[in-house]
């Protein structure tokens with residue numbers, strides 16, 4: 010028998026990354042299309058639901074080690090998204106419209122304070138509450154970028170949603186890094202590592218982003234204004250910086266956000282052509298959301314439902330109150346502030362990553378509060394895209410055929 | 385339909401302007417936000433929506449002369465650019481956006497524009513082109529009809545001097561002004577019929593209205609038309625220039641030319657002017673100053689550039705009286721140097737290598753942050 014079947018694969022067959030990628034793509038595509046056709050929901054939600062179905066709460070196939078290997082797709086997709094988000098961040102706009110800058114930072118501060126107050130009410134220790142509040146401030150860059158692309162959205166609400174997302178992601182990371190020394194100390198490490206670790210993460214990622222942006226601009230200048238070549242260049246630099254950040258154990262998101270922001274705002278000679286990652290990147294985004302769905306953790310939802318509910322509501326109110334207060338001053342049209350607040354609802358899969366990172370150095374965090382944040386992520390990963398889609402449609406900023 | 389009396393040779397202009405996104409310099413969809421913002425401010429003249437959300441229209445108030453018009457346009461520009469900056473929008477002149485995709489355009493949410501889209505289909509979105517309209521006050525309807533006929537001979541001047549749409553959908557069209565092609569697609573474009581006076585015009589108009597073809601004068605998309613509600617005639621062939629200054633210069637030239645025509649009355653209008661019109665118009669759109677113009681009165685043919693220089697010299701006495709000698713002279717100098725906005729746009733593309741850069745520089749030029757010369 011063995012003699013005869015030498016050409017057959019061994020049993021059980023070894024599934025490779027490529028096969029996994031293919032399966033995720035097909036499943037994601039079907040899920041996205043189904044929810045879009047049947048319920049008019051954003052395709053992103055379909056991708057996430059496919060992931061949930063594959064995840065530990067349903068079929069359980071996502072626990073296979075292959076999913077850990079698929080991490081590379083997630084990093085790449087996220088890298089492209091966050092880079093583009095950074096590249097849309099326009100410092101000139103904030104200089105011309107100071108109230109917008111105030112609103113962008115105020116929105117982050119508002120969400121942070123609201124979540125902190127909410128968690129304090131449930132008598133969580135201050136440091137834990139502050140860490141969770143920092144994590145909760147961020148809007149999901151992936152959801153807002155992909156939903157706005159899917160709807161071909163363009164307009165004031167869309168632009169501000171992307172700008173505020175860039176700011177609140179940066180805010181979340183920086184705030185978390187500022188609390189980290191305290192976290193370290195409570196966990197009785199030395200002063201030195203308590204200070205050096207967060208400094209290494211923040212400064213390292215910023216430096217990496219800066220270096221990448223200089224290389225990108227220099228090469229763009231050298232290549233000239235050719236769209237095909239610049240497309241390769243920009244993707245190449247994203248992959249390079251993502252790879253370096255992983256190797257150096259630096260936060261990918263901070264590095265890529267810095268890369269994007271600096272590539273835009275230090276491009277004094279206008280060397281870089283406007284970006285269009287287009288359909289090729291869509292492939293990665295499908296996989297990103299399926300994998301995000303698979304990693305969602307609903308296990309704690311039942312026990313912490315009340316706190317999760319409060320977390321979600323006060324987070325929204327914190328953002329909305331600041332945006333409503335400063336909407337007119339920052340030049341939003343009537344009714345725009347509410348829609349903008351709603352569009353910022355999606356919470357990031359990144360938050361989950363931040364929770365795991367924090368829990369790694371601070372096990373106490375891993376218990377109940379992590380369950381709250383992870384449950385909020387799980388709820389908002391599914392409800393968030395709906396809010397964003399509703400807001401952009403209602404704002405009249407989407408393409409009729411999208 | 386009454387022809388409202390207005391002060392003879394008073395001036396007014398309308399400018400359709402491009403709204404541009406900051407991140408990729410493609411057209412924006414934010415006319416609604418900008419107009420709402422401007423509605424809360426004191427803007428001289430008026431700011432109005434146009435058929436798609438990528439356009440706004442600036443209207444001057446009624447002006448007596450070039451200097452007053454330019455001062456008002458500069459004041460308007462400062463306010464509009466400031467408001468656009470708050471929304472991170474660029475504003476620029478030019479007859480067409482160099483690389484936008486017409487199918488991406490969104491119609492301004494107002495009944496009037498929805499009706500236009502309903503009727504004209506894709507033409508409505510393709511009508512996202514940007515023109516300058518010059519109004520000249522006329523004492524009465526007969527004078528308006530006379531001026532329309534006589535000025536038709538000079539329409540190539542206003543095409544060539546304003547030409548600023550060399551690119552269309554990302555390609556160089558080889559035209560100096562590609563914009564007028566978008567206008568020609570409409571069934572009621574073209575020119576006014578050759579009627580002898582206002583009474584005959586009214587007969588024509590009533591016939592057309594009787595057939596249900598038009599409801600008002602605004603339904604005629606003619607190159608030059610009477611505007612009885614304002615008591616003006618309206619020259620509509622010019623692209624929006626890249627600067628407010630050039631927009632005012634063109635208005636000054638139109639004023640001096642009309643004054644000269646009314647005073648000289650060297651010949652009666654001839655139907656032949658409409659026989660050669662399509663040829664002259666094409667030459668001006670395609671070649672600008674270098675195009676050929678057939679003069680049906682003199683039965684001669686020469687370059688449009690030479691024709692402008694000859695006319696500019698002839699209207700100088702009227703220009704002197706109306707305070708626009710410098711304006712006419714400046715335009716004539718541009719013709720001698722071969723300067724056109726279309727040429728400037730092509731030169732910027734050659735220098736920068738990308739159309740988004742050209743749009744960015746055109747925005748700087750419009751805002752007065754850069755100079756063309």
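Residue numbers (the numbering used here), protein chains in the order written: chain A, 10 to 411; chain B, 385 to 757.
Idealized CB from N, CA, C, for every residue including glycine.
Among the options, the one whose alpha carbon lies nearest that of residue i
{"i": "residue 384(B)", "options": "446(B), 701(B), 569(B), 688(B)", "result": "Past the boundaries of the shown model lies residue 384(B); chain B is included only from 385 to 757, so the question cannot be answered."}
{"i": "residue 704(B)", "options": "670(B), 678(B), 637(B)", "result": "637(B)"}
{"i": "residue 180(A)", "options": "59(A), 149(A), 85(A)", "result": "149(A)"}
{"i": "residue 228(A)", "options": "182(A), 272(A), 200(A), 300(A)", "result": "272(A)"}
{"i": "residue 673(B)", "options": "639(B), 635(B), 654(B), 715(B)", "result": "715(B)"}
{"i": "residue 609(B)", "options": "599(B), 576(B), 582(B), 626(B)", "result": "576(B)"}
{"i": "residue 399(A)", "options": "355(A), 384(A), 362(A), 361(A)", "result": "355(A)"}
{"i": "residue 652(B)", "options": "665(B), 680(B), 660(B), 419(B)", "result": "680(B)"}
{"i": "residue 493(B)", "options": "629(B), 733(B), 433(B)", "result": "433(B)"}
{"i": "residue 459(B)", "options": "425(B), 516(B), 478(B)", "result": "425(B)"}
{"i": "residue 83(A)", "options": "165(A), 298(A), 160(A)", "result": "298(A)"}
{"i": "residue 570(B)", "options": "509(B), 527(B), 584(B)", "result": "509(B)"}
{"i": "residue 380(A)", "options": "365(A), 394(A), 392(A), 391(A)", "result": "365(A)"}
{"i": "residue 412(A)", "options": "50(A), 15(A), 92(A)", "result": "Nothing about residue 412(A) can be read from this structure; chain A reaches only from 10 to 411."}
{"i": "residue 521(B)", "options": "625(B), 617(B), 696(B)", "result": "617(B)"}
{"i": "residue 517(B)", "options": "740(B), 634(B), 436(B)", "result": "634(B)"}
{"i": "residue 294(A)", "options": "27(A), 18(A), 87(A), 16(A)", "result": "87(A)"}
{"i": "residue 415(B)", "options": "94(A), 165(A), 325(A)", "result": "165(A)"}
{"i": "residue 534(B)", "options": "562(B), 740(B), 404(B), 646(B)", "result": "646(B)"}
{"i": "residue 288(A)", "options": "219(A), 223(A), 158(A), 194(A)", "result": "158(A)"}
{"i": "residue 26(A)", "options": "215(A), 81(A), 156(A)", "result": "81(A)"}
Nearest-angstrom beta carbon gap, residue j and residue i [assumed within contact, 8 Å]
{"i": "residue 412(B)", "j": "residue 438(B)", "result": "6 Å"}
{"i": "residue 261(A)", "j": "residue 251(A)", "result": "6 Å"}
{"i": "residue 292(A)", "j": "residue 34(A)", "result": "6 Å"}
{"i": "residue 133(A)", "j": "residue 378(A)", "result": "6 Å"}
{"i": "residue 145(A)", "j": "residue 331(A)", "result": "Not quite, the Cβ-Cβ distance comes to about 15 Å (not below 8 Å), so this is no contact."}
{"i": "residue 185(A)", "j": "residue 140(A)", "result": "6 Å"}
Test: residue i CB closer than 7 Å to a CB of chain A
{"i": "residue 741(B)", "result": "yes"}
{"i": "residue 746(B)", "result": "no"}
{"i": "residue 471(B)", "result": "yes"}
{"i": "residue 690(B)", "result": "no"}
{"i": "residue 481(B)", "result": "no"}
{"i": "residue 436(B)", "result": "no"}
{"i": "residue 417(B)", "result": "yes"}
Test: residue i CB closer than 7 Å to a CB of chain B
{"i": "residue 243(A)", "result": "no"}
{"i": "residue 227(A)", "result": "no"}
{"i": "residue 231(A)", "result": "no"}
{"i": "residue 19(A)", "result": "no"}
{"i": "residue 403(A)", "result": "no"}
{"i": "residue 26(A)", "result": "no"}
{"i": "residue 398(A)", "result": "no"}
{"i": "residue 394(A)", "result": "no"}
{"i": "residue 105(A)", "result": "yes"}
Beta-carbon neighbours of residue i, restricted to chain A and to distances below 7 Å
{"i": "residue 800(B)", "result": "What is shown of chain B runs 385 to 757, which leaves residue 800(B) out entirely."}
{"i": "residue 737(B)", "result": "233, 234"}
{"i": "residue 711(B)", "result": "By Cβ distance, chain A contributes nothing, its closest Cβ being about 33 Å from residue 711(B), past 7 Å."}
{"i": "residue 406(B)", "result": "99, 102"}
Residue i: contacting residues in chain D (beta-carbon distance under 9 Å)
{"i": "residue 279(A)", "result": "Among the chains of the structure shown, chain D does not appear; the protein chains present are A and B."}
Proximal chain A residues relative to residue i, where beta-carbon distance stays under 9 Å
{"i": "residue 413(B)", "result": "163, 164, 405, 406"}
Chain B contact residues for residue i, given Cβ-Cβ distances below 9 Å
{"i": "residue 201(A)", "result": "Per Cβ cutoff of 9 Å: no residues; residue 201(A) is ~43 Å from chain B at best."}
Chain-ordered chain A contacts of residue i [CB-CB under 8 Å]
{"i": "residue 449(B)", "result": "By Cβ distance, chain A contributes nothing, its closest Cβ being about 34 Å from residue 449(B), past 8 Å."}
Per-residue contacts from residue i into chain B (C-beta, under 7 Å)
{"i": "residue 168(A)", "result": "472"}
Residues that residue i contacts on chain B, provided the C-beta gap is smaller than 8 Å
{"i": "residue 282(A)", "result": "738, 740"}
Starting from the N-terminal side, write out each stretch of the beta strand (DSSP E) that is 3 residues or longer and does not extend beyond the segment 110-170 of chain A. none
Completely contained beta strand (DSSP E) runs for the segment 545-623 of chain B, where each covers 3 or more residues: 608-611, 616-623
ask   = For the segment 228-292 of chain A, which segments carrying the alpha helix (DSSP H) assignment without a break, of at least 4 residues, lie completely within its bounds, in sequence order?
value = 236-256, 261-274
Worksheet entry | Start-end ranges of the alpha helix (DSSP H) lying completely within the segment 610-688 of chain B, minimum 4 residues | 628-648, 656-659, 661-671
| query | Which runs of the beta strand (DSSP E), 3 residues or longer, sit entirely within the segment 278-360 of chain A? | reply | none
Unbroken stretches of the alpha helix (DSSP H), 4 residues or longer, contained in the segment 41-72 of chain A: 52-63
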